[in-house]
Each structure stands twice: as structure tokens, then as C-alpha cells.
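Participant: Top line first, the protein sequences correspond to chains A and B.
Okay, so the first sequence: first residue is -2 according to the working numbering, each after it adds one.
Okay, so the second sequence: first residue is -2 according to the working numbering, each after it adds one.
Each residue gets a CB set at the ideal place from its N, CA and C atoms; glycine is no exception.
I have a structure here, written as C-alpha cells, and I will follow up with some questions on it.
Number of protein chains: 2
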Amino acid sequence: MSRRTYDQYCAVARALDVVGERWTLLLVRELLTGPKRFKDLLDGLSGIGTSLLTARLKDLEGNGILRRTTLPPPAGSKVYELTDLGRSLEPVVIALSRWGLKLLEAPRPEEETRAAWAMVALQSSLKLEAVRGRKETYEFRVDGESFHVQVEGDEAEVRQGSAVDPDLIISGDTETLLSVAAGRLTLAEAIEAGAIATEGDRGSLARCLAVLGSPGRDGGKSVREDIRAQQAR
Amino acid sequence: MSRRTYDQYCAVARALDVVGERWTLLLVRELLTGPKRFKDLLDGLSGIGTSLLTARLKDLEGNGILRRTTLPPPAGSKVYELTDLGRSLEPVVIALSRWGLKLLEAPRPEEETRAAWAMVALQSSLKLEAVRGRKETYEFRVDGESFHVQVEGDEAEVRQGSAVDPDLIISGDTETLLSVAAGRLTLAEAIEAGAIATEGDRGSLARCLAVLGSPGRDGGKSVREDIRAQQAR
DNA sequence: CGGAATCCTCTTCGATACTG
DNA sequence: CAGTATCGAAGAGGATTCCG
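Listed below in C-alpha cells is the structure:
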């Protein structure tokens, strides 16, 4: 309740007054893919402890970043979800993810792994220019969990759960997807290596490869090359 | 030295392991506009204390975010400057700034004010589409301090110090510029009100107004309206 | 000036135990 | 499952001192 602030008339400082404390942005990361129960949050933030999680949730609710709601029947469970203001933190989390990807190599033994985290990383590495306004829906199945990614114009939505009518289904494991997001592996290479399987028409696959293209090559060329690599299989 | 980490195999968590501690991102903010001496940093981060600043600097140097160097003669002072990795945190700070601007109203009495902070906010609110590849240099004189802003393509560089041959000089105070950055005031309105003065040709002014246009109006229209407002003066 | 080191107080964190 | 209560450990903050 003491609310320590930087007391600086500065937009960055003000932002950090609200979301700069330990765990806070990771909590937002958890909620970006959809509403979560207290237990889910606890699981995705192992080490936080129930007291601190409660405190952070109260704080963020007070600042209008998230709200408590009850899921419609038959679920009926109490969950936390981002408000519009909270969702507008997405660019902050995405920017952190892009930067963090530079530092992320193989997982250390003591580190936990979650499929949802790979999805955030994936979102942060999308090359949205490659789809130029086209609307496309992909379903990702990562280590048993499903997510859907909707790409349209210069926006991408990534949420937990299956897609209704996906143009493409991509299956793989967390570590492979993180490698793709980090640019250490192209999606085409991962497919060739059998680490990722896809299901859908060739056109969607080509566009998905482009959107997830490796950063090293330029957009247009990358698309064609990746398609060749895929067809050569 | 204990290096508390989240131990999550996640790009966001990894980023926050490095720059998520208290003061760290504000320290990066300070260095974004150019190298600074220990004393300058202390001044821009009042409340941090020499011990903690020293610790953070060591930490960031160890992580390759910044380095200690000696300024070329005649200055010769020891300064801290961002490495390439450190500078690549700019999008993170900018994203925080954009978000923080939503929360930033009038300064509270206990809050400090710095011209450089307004410049960061200004950078975060630039509409770079409005200059479409054109290279332009603006000099800002804010409460006695000078900064130069170079806009080219989709990139903008904001640094302390005067520009060599600016296309436009904009003079004003910190709070007015923050209001412009926050979109509560258009640059044109501020000029009309006498809170901001400009010096330079009309074309550059028009483009500068566009780049700093209020978010509420669309780009092209805003330019013409702002020019009319200016000419009507 | 540019730090490093120490001491002391206070706040925050983290872990566990306990309750509705 | 969703928290509250509690307590030791770690970190922050402020002042002051010392060194190069």
C-alpha cells in the first residue's frame, strides 16, 4: 500500500511506477493470451508466492490494468482479465520479448518452460509486412496446448485455445518454436527436420513461412526460398 | 551480486532478469540521449544513492548494456555510454513512454522535471509516416537545454546538444512539450498560444507539425490544418 | 570530481502455514 | 481453489566517510 514512486514527471517513470515492480510485467504477459484463474497465474509465475500475487493483482486492479470477472457458464470460475488499458501494454511486453530473444539461448536446466511463453515470443517476431492486409488464422499446437493466431493488416492477436476455422495448423514443441522466434531456425528448416508439422493448404503455409521468416533474409526472397525448401522435402 | 532471476525459459523473463530491477530502465533512459557522467546520472535519478547507482552500473556493464569510456579531449571526463545491445533497448523505453503518456497529466508538486525526459516522450510520440523517407533535422531548446532530433525514414535519433545545421529550431518549456507529446495540445496550438517559438522555413515547420501531429486527426488533414492555424497567426 | 565502502533503518520479497 | 497471516531474508534508501 505504500506505493513507492520515482516522483519524476516523465512518461517512462510513470509507466514504471505502475508496472515496474517485480513480477508485474510477467503477470501481464500471462494475461495477454487470455483470462486466467489465480491458480493458473501462480503456476505461470512460480516463485511469486500467494501473498505477493494477491498484492500485485489488487494493485493492478486498482490501477485499471485488469479486472476480476466470472467466466460465463458452464465454466463459472473467477478469473482475471486485462482491461483495455492493460491490453495496451502489449507493445511493452512485445518490445521486451524482442530484446530478450537476443539473450535467449538453450534453456538452462533450472528453467521452467511454458508453451504460452513461446507464443508470446513468436508474436514478437512476426513479420507482419509479409501478409499485407490479408486476414489469416493459424492454430498452434505446442506440447499439447492449443493457441490461435489471427493476423490481419499490421495487427496480430494471439490467444489460448483452438481456432474456429484455421487456415493452417502448426504443431511442435516449445523449444523449437522459441528457436524459430529467435531466428536461430527457420520454420522451413524445422519442418524439414521433422520438428514441426503443418496441416493446411500450400498458400497459407507459404504466407505463414513468410510471416515467421528468418530475420537474416529479406521478406520477398525469403518467402520464395522457404517455399522451395518446403517443396523439396 | 546475488542476481535474482525468474528462472523462466522466456524472452520476456530473460529481458526482465537483466533490465527489470528498480532504476535500471530509467538509467537506460538517461543514456539514450547520449553519454553521461556519474554525477549527471545521480542527478537524473534522484533518490537512487551512490551505492545503488554503482551497483546498477556494474551490473549493466557486466551484461554488455553499457561501457565506461573517456570522452575525447578537451573534455576528457569519464562517462557511461550504451553499447549497441544497450541502445537496442530503445524500443522498450519508447513503448513504456507511449504507454506512460496515457497516465501522465499535470506534474505533481513533488515531482521533478527534466527537459531530457520530455524529449524521450516526444520521440515516443513521433508520427514518422508523416516524413516518408525524408531526412530532416530539428533542434529543440527546452528550458535552456539543447537537443537535436534527426528524422529519416522510419527512424528518429534524439540526442543532447545542438544540431549542426538544423532545418528548424523549436523553443519551449518541458511541460508544454510533454503536453504536445501526450496529445493534449497540438504543436500548432502551442505556437499560437505563444508557449512554443519556431525558427526556420515554412516547409520544415509544416513537416515538423505533421510529425508531431495530434493523434486525434489523420495525418494529411492534420498537416494542412496545422499550417492554416500557423498562417492565421 | 568520481566513485567505493560502511552503517542503519525501512520496505519488499519469498516461503510456508493456515482458513473460507 | 482462492486467497490471508506470518516471519525471516534480501534489497532499497539515506547519510556519511574515505580514497584517487
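Determine whether the beta carbon atoms of Arg64/B and Thr80/B lie at a separation below 7 Å.
Facilitator: In contact: Arg64/B and Thr80/B (Cβ atoms closer than 7 Å).
Participant: Report the option in Leu125/B, Val155/B and Leu38/B whose CA atom is closest to the CA atom of Glu87/B.
Facilitator: Cα-wise, what sits closest to Glu87/B is Val155/B.
Participant: Where Arg131/B and Val208/B are concerned, what is the direct C-alpha to C-alpha distance, given to the nearest angstrom?
Facilitator: So the two alpha carbons sit approximately 12 Å from each other.
Participant: Applying a beta-carbon distance threshold of less than 8 Å, which residues of chain B neighbour Tyr3/A?
Facilitator: Correct list: Leu23 and Gly44.
Participant: What's the call for Ala112/A, buried or exposed, on a 16-neighbour Cβ count within 10 Å?
Facilitator: It is buried - the Cβ of Ala112/A has at least 16 other Cβ atoms within 10 Å.
Participant: Is Val15/A helix, strand or coil when you go by DSSP?
Facilitator: Residue state, collapsed to three classes: helix.
Participant: Determine the burial state of Arg129/A: buried for a count of at least 16 other Cβ atoms within 10 Å of its Cβ, exposed for fewer.
Facilitator: So Arg129/A ends up on the exposed side.
Participant: Is there contact here, the segment 6 to 22 of chain A with the segment 87 to 98 of chain B, by at least three beta-carbon pairs under 8 Å?
Facilitator: Verdict: yes, contact present.
Participant: Pull the bridge partners of Ala8/A from the DSSP assignment, please.
Facilitator: Bridge partners of Ala8/A: none, in fact.
Participant: Counting C-beta neighbours from all protein chains within 10 Å, is the total for Arg1/B 16 or more, i.e. buried, or is it exposed?
Facilitator: Exposed: under 16 other Cβ atoms inside 10 Å.
Participant: Along the segment 3 to 20 of chain A, what residues have a CB closer than 9 Å to any CB found in chain B?
Facilitator: Going along the segment 3 to 20 of chain A in chain order, one finds Tyr3, Asp4, Gln5, Tyr6, Cys7, Ala8, Val9, Ala10, Arg11, Ala12, Leu13, Asp14, Val15, Val16, Gly17, Glu18, Arg19 and Trp20 with a Cβ nearer than 9 Å to chain B.
Participant: Assuming Ala92/B is part of the alpha helix (DSSP H), what are its boundary residues?
Facilitator: Glu87 to Leu100 is the span of the alpha helix (DSSP H), which, as asked, contains Ala92/B.
Participant: Using a Cβ-Cβ cut-off of less than 8 Å, give me the residues of the segment 61 to 94 of chain B that come near chain A, in sequence order.
Facilitator: Hits within the stretch, in order: Leu82, Ser85, Leu86, Pro88, Val89, Val90, Ile91, Ala92, Leu93 and Ser94.
Participant: DSSP three-state call for Val161/B: helix, strand or coil?
Facilitator: If DSSP states are grouped into helix, strand and coil, Val161/B belongs with coil.
Participant: Find the residues of chain A that neighbour Ser201/B, judging by a C-beta separation of less than 8 Å, and give them in chain order.
Facilitator: Here the premise fails: no neighbours, minimum Cβ distance about 26 Å.
Participant: Mind the definition here: the segment 136 to 146 of chain A touches the segment 156 to 168 of chain A only if three or more C-beta pairs lie below 8 Å; say whether that holds.
Facilitator: Touching, yes.
Participant: Does the pairing of the segment 173 to 180 of chain B with the segment 96 to 104 of chain B give three or more beta-carbon distances under 8 Å?
Facilitator: In short, these stretches touch, since the Cβ pair count reaches three.
Participant: Any C-beta of chain B sitting closer than 7 Å to the C-beta of Gly216/A?
Facilitator: Here Gly216/A scores only 40 on pLDDT, less than 50, and its place in the model should not be relied on; the value that follows carries that caveat. It does not: the Cβ of Gly216/A has no partner Cβ on chain B nearer than 7 Å.
Participant: For Ser74/B, which residues does DSSP report across the bridge?
Facilitator: According to DSSP, which records beta bridges pairwise, Ser74/B is partnered with nothing at all.
Participant: Is Asp164/B closer than 7 Å to Glu133/B when the C-beta atoms are compared?
Facilitator: Yes.
Participant: Interface residues of chain B around Val177/A at Cβ under 7 Å?
Facilitator: Those do not exist, as Val177/A stays about 12 Å from chain B at its closest Cβ, beyond 7 Å.
Participant: Check for me: the beta strand (DSSP E) holding Leu63/B runs from which residue to which?
Facilitator: Looking at the DSSP string, the run of the beta strand (DSSP E) that includes Leu63/B is Leu63 to Thr67.
Participant: Mapping the DSSP letters down to three states, classify Gln228/A as helix, strand or coil.
Facilitator: In this predicted model, Gln228/A has a pLDDT of only 42, less than 50, meaning its place in the structure is not dependable; the value taken from the coordinates is given anyway. If DSSP states are grouped into helix, strand and coil, Gln228/A belongs with the helices.
Participant: What residues from chain A crowd round Thr110/B, counting only those whose CB sits closer than 9 Å?
Facilitator: Neighbours of Thr110/B on chain A, chain order: Gln5, Tyr6 and Cys7.
Participant: Alpha carbon to alpha carbon, how far is Thr67/B from Asn60/B? Give it in angstroms, no decimals.
Facilitator: So the alpha carbons of these two residues sit roughly 20 Å apart.
Participant: Considering just the uninterrupted stretch of the beta strand (DSSP E) at Ser143/A, what are its terminal residues?
Facilitator: First-last of the beta strand (DSSP E) with Ser143/A: Glu142 to Glu149.
Participant: Assuming Val177/A is part of the alpha helix (DSSP H), what are its boundary residues?
Facilitator: Where Val177/A is concerned, the enclosing alpha helix (DSSP H) stretches over Thr171 to Ala179.
Participant: Rounded to whole angstroms, what's the CA-CA distance from Gly73/B to Lys36/B? Just pull it up for me.
Facilitator: Between Gly73/B and Lys36/B, the C-alpha separation is close to 15 Å.
Participant: Following the continuous alpha helix (DSSP H) through Glu196/B, name the residue where it begins and the one where it ends.
Facilitator: Note, Glu196/B: premise wrong, no alpha helix (DSSP H); beta strand (DSSP E) at Ala194 to Gly197.
Participant: Taking Cβ to Cβ, would you say Arg168/A is nearer than 7 Å to Arg199/A?
Facilitator: According to the sequence provided, residue 168/A is Ser. The question's Arg does not apply to it. No, these two residues do not count as a Cβ contact at 7 Å.
Participant: Where Ala194/A and Leu54/A are concerned, what is the direct C-alpha to C-alpha distance, given to the nearest angstrom?
Facilitator: Each residue's alpha carbon lies about 38 Å from the other.
Participant: CA-CA distance, Ser43/A and Thr21/A?
Facilitator: Their backbone Cα atoms lie some 13 Å apart in a straight line.
Participant: Check the Cβ of Leu97/B against every Cβ in chain A and list those closer than 7 Å, keeping chain order.
Facilitator: Sequence inspection shows Gly at residue 97/B; the Leu mentioned does not correspond to that position. By Cβ distance, chain A contributes Ala8, Val9, Arg11 and Ala12.
Participant: Relative to the C-alpha of Gly83/B, which residue among Leu28/B, Arg105/B and Glu107/B is closest?
Facilitator: The residue with the shortest Cα to Cα distance from Gly83/B is Leu28/B.
Participant: For Leu125/A, which of Leu13/A, Val15/A, Arg204/A and Gln5/A has the nearest alpha-carbon?
Facilitator: Closest option to Leu125/A, Cα to Cα, is Arg204/A.
Participant: Am I right that Arg34/B and Val117/B are in contact with their C-beta atoms under 8 Å? What's the rounded C-beta distance?
Facilitator: That pair is no contact at about 19 Å.
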